[in-house]
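Visitor: Shown below is the structure under consideration.
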Amino acid sequence: MAMTEDTILQVKDLRTYFNTDEGIVKAVDGVSFDLHKGETLGIVGESGSGKSVTNLSVINMIPSPPGRIAGGEILYHGKDMLKMSKHEIRQIRGNKIAMIFQDPMTSLNPFLRISTQMIETIVLHQKLDKKAAREKAIEMLKLAGIPAPEKRIDQYPHQFSGGMRQRVMIAMGLSCNPEILIADEPTSALDVTIQAQILDLMKGLTERLGTAVILITHSLGVVAGTCDTLCVMYAGRFVERGPTDLIFDSPMHPYTQGLIRSVPRLDREDDERLSSIRGQPPNVIDLPDCCPFYPRCDQAMDICKKKYPKWKNLDNGRTVGCWLYSEDK
Amino acid sequence: MTASETLLEVKDLKMHFPYGGGFLSGKKGFIYAVDGISFQLKQGETLGLVGESGCGKSTTARAIAQLHRPTSGEVLLHGKDLAKLKDKDLIAARKNMQMVFQDPYASLNPRMTAGDIIAEPMRIYNGHNILSLSRQEMEERVEQLMERVGLSRFFKNRFPHEFSGGQRQRIGIARALALRPELVLCDEPVSALDVSIQAQILNLFKDLQEEFGLTYLFIAHDLAVIKYISTRVAVMYLGTIVEIARSADLYRNPQHPYTQALLSAVPIPDPKVERGRKRIILTGDVPSPDKIRVGCPFYDRCWKRMDHCKLSKPPIKEAEPGHQVTCFL
Numbered sequence: 001m002a003m004t005e006d007t008i009l010q011v012k013d014l015r016t017y018f019n020t021d022e023g024i025v026k027a028v029d030g031v032s033f034d035l036h037k038g039e040t041l042g043i044v045g046e047s048g049s050g051k052s053v054t055n056l057s058v059i060n061m062i063p064s065p066p067g068r069i070a071g072g073e074i075l076y077h078g079k080d081m082l083k084m085s086k087h088e089i090r091q092i093r094g095n096k097i098a099m100i101f102q103d104p105m106t107s108l109n110p111f112l113r114i115s116t117q118m119i120e121t122i123v124l125h126q127k128l129d130k131k132a133a134r135e136k137a138i139e140m141l142k143l144a145g146i147p148a149p150e151k152r153i154d155q156y157p158h159q160f161s162g163g164m165r166q167r168v169m170i171a172m173g174l175s176c177n178p179e180i181l182i183a184d185e186p187t188s189a190l191d192v193t194i195q196a197q198i199l200d201l202m203k204g205l206t207e208r209l210g211t212a213v214i215l216i217t218h219s220l221g222v223v224a225g226t227c228d229t230l231c232v233m234y235a236g237r238f239v240e241r242g243p244t245d246l247i248f249d250s251p252m253h254p255y256t257q258g259l260i261r262s263v264p265r266l267d268r269e270d271d272e273r274l275s276s277i278r279g280q281p282p283n284v285i286d287l288p289d290c291c292p293f294y295p296r297c298d299q300a301m302d303i304c305k306k307k308y309p310k311w312k313n314l315d316n317g318r319t320v321g322c323w324l325y326s327e328d329k
Numbered sequence: 330m331t332a333s334e335t336l337l338e339v340k341d342l343k344m345h346f347p348y349g350g351g352f353l354s355g356k357k358g359f360i361y362a363v364d365g366i367s368f369q370l371k372q373g374e375t376l377g378l379v380g381e382s383g384c385g386k387s388t389t390a391r392a393i394a395q396l397h398r399p400t401s402g403e404v405l406l407h408g409k410d411l412a413k414l415k416d417k418d419l420i421a422a423r424k425n426m427q428m429v430f431q432d433p434y435a436s437l438n439p440r441m442t443a444g445d446i447i448a449e450p451m452r453i454y455n456g457h458n459i460l461s462l463s464r465q466e467m468e469e470r471v472e473q474l475m476e477r478v479g480l481s482r483f484f485k486n487r488f489p490h491e492f493s494g495g496q497r498q499r500i501g502i503a504r505a506l507a508l509r510p511e512l513v514l515c516d517e518p519v520s521a522l523d524v525s526i527q528a529q530i531l532n533l534f535k536d537l538q539e540e541f542g543l544t545y546l547f548i549a550h551d552l553a554v555i556k557y558i559s560t561r562v563a564v565m566y567l568g569t570i571v572e573i574a575r576s577a578d579l580y581r582n583p584q585h586p587y588t589q590a591l592l593s594a595v596p597i598p599d600p601k602v603e604r605g606r607k608r609i610i611l612t613g614d615v616p617s618p619d620k621i622r623v624g625c626p627f628y629d630r631c632w633k634r635m636d637h638c639k640l641s642k643p644p645i646k647e648a649e650p651g652h653q654v655t656c657f658l
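Chains as they are written, first to last, in the working numbering: chain A, 1 to 329; chain B, 330 to 658.
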């Protein structure tokens, strides 16, 4: 992966481990990706595959102990964030890299008015006085589609509905014109009609402001409609990465294939039987150095039980981690 | 019994919960959770019940099972009105009707083994002298059930925490089948599961239905899941059914503006299809069900509303045979 002009973030071989009583949990074990200006990158995977930990690592919010970043680099404009001081990171986090979390109720402080929380962020990161910051906050709420923002800004989080709270989070996240917005399951707690509203809003706003987005989700449907690039994660590693269209068109890794086939779809005939992936995701404590998917894989070979497959770069921008596509066994 | 015999009939079911009126709160009122719904369920079919959070799906299932005694209306199982039965007769009638719940973590007693959990319904009915199974018969039935739902019989003495989410849901299903019921009420049984596991469980439901001739009332908020599992579908909004039809008809030709918006909001996991779709974005949130509404419950959010929708309740119209819509259009 070459560093090009518009690469904002480069994650190289990131490893995040947690020490527990039962052993070392390798939540993220060698993840690499690039994020370019204005790009929307999707990370999909099932619960416990390490999606959220990847992104908490990027913004240096891994609770430590028990967690620690055991290796790798996170290059923000070529500078390694893992080597930065706390002060430097604070300049970036919330300012240049903003976050939205799944549950908007737990990520807003219930005791403080929306205005207090939004103004705090803006004053901290931008050279504005309180009055100007308040105006900026109102403007952002308006952009996020909140009716009567001048009044609602002085309300408390409980006075907003779930969808409205997520709008507040988006307004807050984008208030410092970040370069990167990390959205961790932003619509999973919402109903479909509200989900459609929020995805629509996020897409419109980030396109307008030129923000790059890392979207974490378990829903293949959400990814299909929003992301340019897609990473599929399984047991702490990416198994496949590439342009969204190509992956949906011809998934290469057996896990991606199984995942796409096991989602019930509206545009499919009912009598077609869903194919499912047998078994269940592995426990990531003390995983042996083999392909973690082989017990569930229909195309498993002998080598899969012995060694972890190497990353194979293909010329059309795709990468896959599977022995099926690797020549040097 | 013929295949087309009506197993369950719900007539104008209402479930209102009182709130307030306590020492501190001045206001007193009702939550109109389910406000007059009627449908029939034929032997061997699956009726899917969809709608957003708070529309009364779960309350409907609970009111049918008499876990909440309905405010008014009839619930006829084989022509016998459950709502009027005394507790003792109700227990006998309920043998024919079991539930599978959403959260496989909360619905299993953590201090009982898997075998005990599955045997418990049989033990209870033994205690009421409705069944008279010997200990050995129960043991055998538990083992049969476990194998049938895809759990090894050797797991009989394990506790719920030793199982994964998907496996726990299998225990819940085995428990529901222990009394060999005709009707199974499934309250969001797959929404807490990951996609690859969800597909396994959905297929299990289908297989069991074929094998035991079960009838399902299947609740989910995921329209694609409902499409896959159901023969007929009812769409709920704010405690009422807005549209009910055969599954194929509903998805091919949705009539109610709410159904149309709901279907358009579901993301489809295929980027090419997804890009070409037009969304009907509904404004606003689902209103609170604490008021008596004169007009159409969907009026506030409807994108095709007319003036008289506000003033009187829309009639039930037949769009095609077996396809009923509650709308002026």
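For glycine and all other residues, C-beta sits at the position ideal for the given N, C-alpha and C.
At 3 residues or longer, and completely inside the segment 134–194 of chain A: list those beta strand (DSSP E) runs for me, N to C.
Guide: Secondary structure within the segment 134–194 of chain A: the beta strand (DSSP E) runs of 3 or more consecutive residues, fully enclosed, are 180–184 (chain order).
Visitor: Quick check on this structure: which residue in A:Ile69, A:Lys306, A:Ala183 and A:Asp249 has the alpha carbon closest to the alpha carbon of Gly366 of chain A?
Guide: Residue coverage of chain A in this structure runs from 1 to 329, which leaves residue 366 of chain A outside it and unanswerable.
Visitor: Measuring straight from C-alpha to C-alpha, what distance separates Gln498 of chain B and Asn532 of chain B?
Guide: Distance between the alpha carbons of Gln498 of chain B and Asn532 of chain B: 13 Å.
Visitor: Can you give me the start and stop residues for the beta strand (DSSP E) that Ser32 of chain A sits inside?
Guide: Unbroken beta strand (DSSP E) run through Ser32 of chain A: Gly23 to His36.
Visitor: Can you find a C-beta in chain B that's less than 8 Å from the C-beta of Gln195 of chain A?
Guide: yes
Visitor: Taking Cβ positions, are Met441 of chain B and Ala394 of chain B nearer each other than 8 Å?
Guide: no
Visitor: Under the three-state reduction of DSSP, which class applies to His253 of chain A: helix, strand or coil?
Guide: The DSSP-derived three-state label of His253 of chain A is coil.
Visitor: Using the Cβ count rule (16 or more neighbours within 10 Å means buried), how would you classify Thr335 of chain B?
Guide: exposed
Visitor: Got a sec? Which residues, its chain only, sit under 6 Å from Leu579 of chain B by beta carbon, not counting five neighbours each side?
Guide: Val562
Visitor: Note down, in chain order, all residues in the segment 250–265 of chain A with a beta-carbon under 7 Å from any beta-carbon belonging to chain C.
Guide: Checking the listed chains, one finds no chain C in this structure; the protein chains it contains are A and B.
Visitor: Return the Cβ separation of His253 of chain A and Cys176 of chain A in integer angstroms, given the expectation that the two are a contact with Cβ distance under 8 Å.
Guide: With a Cβ gap of about 37 Å, His253 of chain A and Cys176 of chain A do not count as contacting.
Visitor: According to the neighbour-count rule (16 or more other Cβ atoms, all chains shown, within 10 Å of its Cβ), is Phe238 of chain A buried or exposed?
Guide: buried
Visitor: Can you have a look at Lys131 of chain A and say buried or exposed, based on whether 16 or more other CB atoms are within 10 angstroms of its CB?
Guide: exposed
Visitor: Taking 8 Å as the cut-off, decide whether the C-beta atoms of Val44 of chain A and Val263 of chain A are in contact.
Guide: no
Visitor: How do the segment 28–45 of chain A and the segment 139–159 of chain A stand: do at least 3 beta-carbon pairs fall below 8 Å, yes or no?
Guide: no
Visitor: Using a beta-carbon distance cut-off of less than 9 Å, what residues from the segment 528–540 of chain B approach chain A?
Guide: Ala528, Gln529, Ile530, Leu531, Asn532 and Lys535
Visitor: For Met84 of chain A, which of helix, strand or coil comes out of DSSP?
Guide: Three-state DSSP puts Met84 of chain A in coil, outside helix and strand.
Visitor: Use the C-beta contact count for His87 of chain A: other C-beta atoms within 10 angstroms, 16 or more gives buried, fewer gives exposed.
Guide: The residue in question, His87 of chain A, is exposed, as its Cβ has fewer than 16 Cβ neighbours within 10 Å.
Visitor: With 16 as the cutoff for other CB atoms within 10 Å, does Lys607 of chain B come out buried or exposed?
Guide: The residue is exposed, with fewer than 16 neighbouring Cβ atoms inside 10 Å.
Visitor: Please state whether the Cβ-Cβ distance between Ile610 of chain B and Asp200 of chain A is less than 8 Å.
Guide: yes
Visitor: Using a Cβ-Cβ distance cut-off of 8 Å, determine whether Arg608 of chain B contacts chain A.
Guide: At least one chain A Cβ lies under 8 Å of Arg608 of chain B.
Visitor: With 8 Å as the threshold, decide whether the Cβ of Arg208 of chain A is near any Cβ in chain B.
Guide: Against chain B, the CB of Arg208 of chain A has no partner CB under 8 Å away; the residue lies outside that interface.
Visitor: What whole-angstrom Cβ distance do Tyr361 of chain B and Pro586 of chain B have, given they're in contact under 8 Å?
Guide: Contact flag wrong, Cβ pair sits at about 21 Å.
Visitor: Specify the secondary structure class of Gly204 of chain A as computed by DSSP and reduced to three states.
Guide: helix
Visitor: State the Cα-Cα distance for the pair Ser85 of chain A and Arg152 of chain A, rounded to the nearest angstrom.
Guide: 37 Å
Visitor: Any residues in the segment 204–236 of chain A with a beta carbon nearer than 8 Å to a beta carbon of chain B? Which ones, in chain order?
Guide: Cβ contacts with chain B come from His218, Ser219, Leu220, Gly221, Val222, Val223, Ala224 and Gly225.
Visitor: By alpha-carbon positions, which one of B:Val554, B:Lys639, B:Ala594 and B:Tyr454 ends up nearest to Leu330 of chain A?
Guide: Chain A is shown from 1 up to 329; residue 330 of chain A falls before or after that span and cannot be answered.
Visitor: For Pro361 of chain B, write down the residues that DSSP places opposite it in a beta bridge.
Guide: The sequence shown places Tyr at residue 361 of chain B, rather than the Pro named in the question. Tyr361 of chain B pairs with B:His345.
Visitor: For a quick check, are the C-beta atoms of Arg235 of chain A and Val284 of chain A less than 8 Å apart?
Guide: The question names Arg, yet the displayed sequence has Ala at residue 235 of chain A. Going by C-beta atoms, Ala235 of chain A is nearer than 8 Å to Val284 of chain A.
Visitor: Between which residues of its own chain and Thr388 of chain B is the CB-CB distance below 6 Å, once the five residues before and five after are set aside?
Guide: Around Thr388 of chain B: Met344, Ala362 and Val363.
Visitor: How would you label Ala98 of chain A, buried or exposed, when you count the other beta carbons within 10 angstroms and need 16 or more for buried?
Guide: buried
Visitor: Please decide whether Thr116 of chain A counts as near chain B, where near means a Cβ-Cβ distance under 8 Å.
Guide: Interface residue (Cβ-Cβ distance to chain B less than 8 Å): Thr116 of chain A is not classified as such.
Visitor: I'd like to check one pair, Val513 of chain B with Leu665 of chain B: are the Cβ atoms closer than 8 Å?
Guide: Beyond the ends of chain B as shown, which are 330 and 658, falls residue 665 of chain B; an answer cannot be given.
Visitor: Could you check the C-alpha separation between Met330 of chain B and Tyr325 of chain A for me, to the nearest Å?
Guide: The predicted model places Met330 of chain B with a pLDDT of 40, which falls under 50 and marks its position as unreliable, so this point remains unresolved.
Visitor: If you compare alpha carbons, which of B:Tyr545, B:Ser520 and B:Lys556 is closest to Pro510 of chain B?
Guide: B:Tyr545
Visitor: Jot down the residue ranges of each uninterrupted alpha helix (DSSP H) in the segment 593–643 of chain B, minimum 4 residues, whole runs only, in chain order.
Guide: As far as the segment 593–643 of chain B is concerned, its whole alpha helix (DSSP H) runs of at least 4 residues are 600–604.
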